[in-house]
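Asker: Shown below is the structure under consideration.
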Amino acid sequence: MKKFSFIAASLTMLMLFMAACSNGGNSNTGNNEQSSPPSATADSGGEEKQETVTIKVFHANTGTLPANVLDNPVMAKIEKQIGVKLEFVNTGGNQDEANQRLSTLIATNDLPDLIITGDMNINKLMLKNDMIAPLDELIAQHGPDLTANVKEGLDYSKLMYSEGKEALYFIPGLIGDESFYPMGYDLVFQLRGDLLEQSGLGEIKSLDDLLAFGKKAQELEPANSEGQKTYLTGIPFADAGGWDYVDWNTSHNDGFAGVGGFNYLDIEKNELVPRFTDANNSFWKAMSFWNKAYHEGLLDPESATMKAQQVQDKGKALRYHLGLANWQIGWPNDVIRGSKDKVKGFIPTLLDAKANNTFFRFSSPVGNNMLWSIAKGSDKKEAVLKFMNFAASWDGVELMWNGPEGDLWKMDGGIPKPLPVDPNVPSDPDATKKIGNAYMAPNFVINGKPANPDKGWKVKYGDNAPERYADNMTEPEKKFIETNSLDYPTQIFETRENYSVNTSLIDPVKPDPNSDIALQEQKIKTYLDMNIARVIFSKDNAAYEAAKQKFIDELNGMGIEQVMNFYKEGFDANKQKLSELQ
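Reading the sequence shown from the start, the letters are residues -24 to -1, 1 to 558 in mature numbering (1 follows the signal peptide of the UniProt record, and there is no 0).
Shown next as structure tokens:
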């Protein structure tokens, strides 16, 4: 297998910057006996019981939260350890709807104590209007784990997000994260392995092969167990930005990542290129595929009116034979395992992915674009900072990823490992929701580093027991790893050179609200929401080609080139800004 490698150029500079900025923090050097600041989250039997402080929290990605206040073992443990209770001011809806809610809170001067959003327009607005508090003194007094474990992310945020102010205002989430999910098919096509085997088609190597699989799968399983019609898959076009799934996997296989300003990040060249206006790129290869799938009756015709939750519900009901990401079709393998089905299951397929420069994993060495801030008018700043520090501590992140000991894991030979699977007891697909870790991780994790250097174990305890991966696999997944001599399904990605994509130099780039560029950008986003599905649902090839050309011409007429150039200039400026620190 080829060595897993990272995107070069700017990431190399980022790593140098991180090393220079991380003096005094915990490092995975093997020298675990060096002294470090005591964790503010450590239990102390001699402490007096602390009074609980309830903080109001906004997070732009909490659409699955069932209530404003959660009652589960993880939340109870957080309250006990740090004396902080969370009250969410928003539940349900997608990120756009959540950010509209946040805009209303800003307009009514009713900001919650803690704000977490990736909307840079909102973050810039709050900073410009002095609505959020500087964090330096709070961290110095109450943030030992922030300083020890994720200082590189704090320094990067101050450089990129503070708009020239001499203070830190935002803390990124998942600092140091390198996504790894043994059965996590997040960036590749996944299909029903049992139906592929029954089809006799052999390995799926192209989009045309995928269409052939879709037709054969529909013949083999035209309806689910409830008698409902099946399709290859569905796309939530009724959601703002739901069209992002259209080229989700084709672009990754071709070595591109969709980023801001209607651009792709070309992984090999580390530069921005057009996403929508290049008639011969990955986006249009994907659009052609979906148009053909529509003509063949393979694309769910209700896609035009469905939102993400509806697509997930159909996926869980096994009405789709293809997934574009685990979450897109509701993690159906969990449902299959939970029902003790010994036949069905989804497996990954690489199709025609490039032999190198393919995009299979995310990384965020200095954090993602979900920025944490504290309202300046909050009278609970210390409590908020205590929770932020907890989210950067090893105790905190391990609790949020795994839940309390005894529910889903226990110590095994001095190492935390998941509880063994009892083959005689049906698994509960909602177990992590009942425990609470499904709601907290990754959304409320600041320290995203995969391994605890002090303890020597992985913070996601399942990764401490690779021998048990198979316990959570469907039968097709087990056959897949046996056939390909793998230890886990996603290891197939590592059989070729591939890249963990870091977008930290493009994430801070955003036009000022109400600027001409911002207004152009919003107008184009609305156009995309309204028209991408229309092109896909063209009635025949001639209509599709005409709609494609009209689409490109209208985007050009709306000034998409100006918006793309704004982001390119910002991206290049951030490269230069970072290089000047060396």
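Where is the CB? At the ideal position from N, CA and C, for every residue including glycine. These numbers come from a predicted model, not from an experiment.
If you reduce the DSSP assignment to three classes, tell me which class Met387 lands in.
Answerer: Strand, per DSSP.
Asker: Indicate the three-state DSSP secondary structure (helix, strand or coil) for Gly129 in the structure shown.
Answerer: Of the three classes helix, strand and coil, the one that applies to Gly129 here is helix, per DSSP.
Asker: Pull up the distance between the alpha-carbon of Gly178 and that of Thr471, whole angstroms please.
Answerer: Their backbone Cα atoms lie some 19 Å apart in a straight line.
Asker: Could you check the C-alpha separation between Ser461 and Lys455 for me, to the nearest Å?
Answerer: If you take the alpha carbons of Ser461 and Lys455, they lie about 10 Å apart.
Asker: Between which two residues does the alpha helix (DSSP H) containing Tyr503 stretch?
Answerer: Where Tyr503 is concerned, the enclosing alpha helix (DSSP H) stretches over 492 to 512.
Asker: What three-state label does DSSP hand Gly546 in the structure shown?
Answerer: Gly546 falls in the helix class under three-state DSSP.
Asker: Given a cut-off of 9 Å, decide if Gly390 and Glu272 are closer than it, judged by their beta-carbon atoms.
Answerer: It is not a contact, given that the beta carbons lie outside the stated cut-off.
Asker: Rank Leu347, Gly231, Asn200 by C-alpha distance to the C-alpha of His297 and give the top, closest one.
Answerer: If we check each option's Cα against that of His297, Asn200 comes out closest.
Asker: Would you check if the stretch 322 to 340 and the stretch 473 to 488 touch, i.e. whether three or more CB-CB distances between them fall below 8 Å?
Answerer: Enough Cβ pairs lie closer than 8 Å, so yes.
Asker: If the criterion is Cβ atoms closer than 9 Å, does the pair Lys292 and Thr450 meet it?
Answerer: No, they are not a contact pair.
Asker: Pull up the distance between the alpha-carbon of Met282 and that of Glu113, whole angstroms please.
Answerer: Taking the straight line from one Cα to the other gives about 47 Å.
Asker: Quick one, are the C-beta atoms of Leu241 and Ile482 less than 9 Å apart?
Answerer: Yes; because the gap between Cβ atoms is below 9 Å, this pair is in contact.
Asker: Does His118 come out as helix, strand or coil in the three-state DSSP assignment?
Answerer: Three-state DSSP puts His118 in a helix.
Asker: Using three-state DSSP, classify Cys(-4) as helix, strand or coil.
Answerer: Caution is warranted here: a pLDDT of 39 is assigned to Cys(-4), below 50, making its placement in the model unreliable, and no coordinate value can be reported.
Asker: Have a look at Asp355 and Asp89 and give me their C-alpha separation to the nearest angstrom.
Answerer: So the alpha carbons of these two residues sit roughly 8 Å apart.
Asker: Around the C-beta of Gly140, are 16 or more other C-beta atoms found within 10 angstroms, so that it is buried, or is it exposed?
Answerer: Exposed, since its Cβ has fewer than 16 Cβ neighbours within 10 Å.
Asker: Taking the alpha helix (DSSP H) that Gly169 belongs to, which residues open and close that run?
Answerer: Element bounds for Gly169: 169 to 175.
Asker: Nearest CA to the CA of Glu530: which residue from Val45, Lys544, Gln496, Ala284?
Answerer: Looking at the Cα atoms, Gln496 is the closest of the given residues.
Asker: Cβ atoms of Lys524 and Trp260: under 9 Å apart, would you say?
Answerer: Yes.
Asker: Would you kindly work out how many angstroms separate the C-alpha atoms of Ala47 and Phe64, rounded to a whole number?
Answerer: The identity of residue 47 in the sequence shown is Asp, whereas the question assumes Ala. Taking the straight line joining both Cα atoms gives about 12 Å.
Asker: Between the stretch 344 to 354 and the stretch 99 to 108, are three or more C-beta pairs nearer than 8 Å?
Answerer: Short answer: they touch.
Asker: What's the C-alpha gap between Pro418 and Lys245?
Answerer: Straight-line Cα distance between these residues: approximately 30 Å.
Asker: CB Lys386 to CB Leu395, shorter than 9 Å?
Answerer: A contact, by the Cβ cut-off of 9 Å.
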